[in-house]
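Per the working numbering: the sequence shown = residues 1 to 411. Ideal Cβ placement from N, Cα and C applies to all residues, glycine included. Just so you know, these numbers come straight off a predicted model, no measurement behind them.
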Amino acid sequence: MVKVSIIVPVYNTAKFLPKCLDSIIGQTLKDIEIICIDDGSKDESPQILDSYAEKDTRIKVIHKENEGRVAARNDGVRNAQGEYTGYVDSDDWIDPQMFEQLYNRAKQSGADLVTSGYWQEGNYTSLLFDAVPEGFYGKEEMQFLCEHAIYHMQKKETGIRGSLWCKLFRTELLQKPFVQVPKTLAFSEDKLGILTYLLDCKAVYIEKKAYYHYRIHSESTVHKADFDYLLHIHEVYRYLRSLYEHENFTETMRTQAELYVTELLLLGINQRMGYQNRNLLWVDPYWLDQIPDGSRVVLYGGGEMGRKYKKQLEVRGTAAYAACVDYEWEKYRDRELAVISPDAVSPDAYDLLVITIKNPNKAMEVKARLLEAQIPEEKILWFEQKDIFWKFAEAEGLLIQGGTQENRDEA
1 MVKVSIIVPV
11 YNTAKFLPKC
21 LDSIIGQTLK
31 DIEIICIDDG
41 SKDESPQILD
51 SYAEKDTRIK
61 VIHKENEGRV
71 AARNDGVRNA
81 QGEYTGYVDS
91 DDWIDPQMFE
101 QLYNRAKQSG
111 ADLVTSGYWQ
121 EGNYTSLLFD
131 AVPEGFYGKE
141 EMQFLCEHAI
151 YHMQKKETGI
161 RGSLWCKLFR
171 TELLQKPFVQ
181 VPKTLAFSED
191 KLGILTYLLD
201 CKAVYIEKKA
211 YYHYRIHSES
221 TVHKADFDYL
231 LHIHEVYRYL
241 RSLYEHENFT
251 ETMRTQAELY
261 VTELLLLGIN
271 QRMGYQNRNL
281 LWVDPYWLDQ
291 IPDGSRVVLY
301 GGGEMGRKYK
311 KQLEVRGTAA
321 YAACVDYEWE
331 KYRDRELAVI
341 SPDAVSPDAY
351 DLLVITIKNP
361 NKAMEVKARL
371 LEAQIPEEKI
381 LWFEQKDIFW
391 KFAEAEGLLI
401 QGGTQENRDE
411 A
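Okay, structure coming up:
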């Protein structure tokens, strides 16, 4: 038995596939098998897979007709011979020590699941972790962990990140939960599989280190309109309801499951359903109330959030839009919103500079850089933009629900 089986579902990712495979082949843990599931790719992916398999006997390639990502991952699990199983998506890449670190942690702790963080590689790089505290969760703590798995309600954040690819699972426990998840799901299949797995596993280790690089690119499904999105949400909700009958599924978990469906609905309205007015309920305009009338405002951030802030500012009409700046302004040369370097605007030319970045850590990095450039701190503003449904959850008193083991709470 090998130590770790690494499953790689592949569908039309020839552009990114070599970097992905090279990062897996280069793992410091050598006792691995690499199961690549070619899910009916129409590009050069099959040829790339076969050429890599010829050079490395640890690589097994399964070519099949296209059935979707859930079916591809299930085919991988059925063929896995490792003591533990991990996943890597074929357009991403991993650090060399990833599976050695996760495997060693699993063996040392006896955990059925080890989770870690990841780097989100898009317009800028973000580091993301599970919101639940780091450490070992055994039999006595599993209810606490399950009740914080979908959300850490007090922090208003995802409890355990809903992705298979930054985790390591005990293979013998993996068959049941992932076969249960319907093959027809268009999204949320990872999160539902993890939730199902948690309900039956005995021990988990949460690790606050990151080894995985999740690539966001123009071909990602998040950038494509899905006119059947509401039907897909119905499938997610129907599966969640089937879990309500599980003996370990609590009322707190049901509350969080319903909030999760609400989050999916908002995501559809803002990005996935193809609405002409994109991001309709994404940026809460409360920030405008903090802008004095007549102010000249510079926005930092050339992405979608920057465009949304600009539109809200212009519609309100009580303050003047001065410019949009970004230290990576050259990325946005071909966008409709004109973006320039912060160094190109004199602080005397505006009254306020508003950072339009949702990620608080990245926003504070930008603020620190602006301060180094001698921009007065009183001119720099940033507004937290949590998903709107959290406001209503707080008003309903839902944020105080969940496990109350204070020794497990970092807050």
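Taking the Cα positions, R78 is about 7 Å away from Q175. Restricting attention to alpha helix (DSSP H) runs no shorter than 4 residues, the region 344–383 encloses them at 360–372, ordered along the chain. Shortest Cα-Cα distance from D56 to any of E67, A72, R73 and C36 involves C36.
Assignment of A393 by DSSP, reduced to helix, strand and coil, places it in the helix class. Counting along the chain, no alpha helix (DSSP H) covers L128; the unbroken beta strand (DSSP E) around it starts and ends at T125 to L128.
Take T158, set aside five residues on each side of it, and the residues of its chain with a beta-carbon closer than 7 Å to its own are A131 and Y151, in chain order. The alpha-carbon of L185 is positioned some 23 Å away from that of C201.
F16 and E258 have their C-alpha atoms roughly 36 Å apart. Taking a C-beta distance under 7 Å as the contact criterion, A225 and G274 qualify as a contact pair.
In this structure, DSSP gives E157 an extended state, which the three-state scheme calls strand. In its chain, beyond the 5 residues on either side, A203 have a beta carbon closer than 8 Å to the beta carbon of G110. Nearest C-alpha to P18 among M1, E44, E67 and I32: E44.
K311 is not a Cβ neighbour of L353, given a cutoff of 7 Å. P9 has I37 as its beta-bridge partners, per DSSP. Relative to F227, the option among P182, Q276 and L198 whose CA is nearest is Q276. The shortest C-alpha to C-alpha distance from V315 to any of D326, L288, A80 and R333 is the one to L288. In this structure, Y214 places its C-beta atom within 7 Å of the C-beta atom of Q120. At a Cβ-Cβ threshold of 7 Å, T115 and F169 do not count as neighbours.
The region 98–112 makes no contact with the region 65–81, as fewer than three CB pairs between them are under 8 Å. Annotation for K176: the continuous alpha helix (DSSP H) segment containing it runs Q175 to Q180.
Relative to the Cα of Q180, the nearest Cα in the group L281, T255, A71 and R254 belongs to A71. Ranking E54, V4, L266 and E67 by CA distance to the CA of Y11 puts E67 first.
Nearest C-alpha to V297 among N361, S346 and L266: S346. The C-alpha of W93 lies about 6 Å from the C-alpha of S23. The three-state secondary structure of K183, taken from DSSP, is coil. Closest in alpha carbon position to D31, among Y52, T13 and V4, is V4. Under DSSP, F136 shares a beta bridge with Y205. Leaving aside the five residues that flank F389 on each side, the residues in its chain whose CB is nearer than 8 Å to its CB run, in chain order, L259, T262, E263 and L266.
Taken atom to atom, the span from the alpha-carbon of L299 to that of N279 is near 18 Å. Residue environment: F392 is assigned as exposed (fewer than 16 neighbouring CB atoms within 10 Å of its CB, all protein chains considered). Shown here, V261 sits in a helix according to DSSP, grouped into three states. Closest by C-alpha distance to L381, out of V325, E396 and Q290, is Q290. Sequence-distant partners of S341 (beyond 5 residues in either direction) whose C-beta falls short of 6 Å from its own C-beta, in its chain, are W329.
When only Cα atoms are considered, A322 and S188 end up about 41 Å apart.
For R278, the secondary structure class from DSSP, reduced to helix, strand or coil, is coil. Annotation: the continuous beta strand (DSSP E) that includes L113 extends over L113 to E121.
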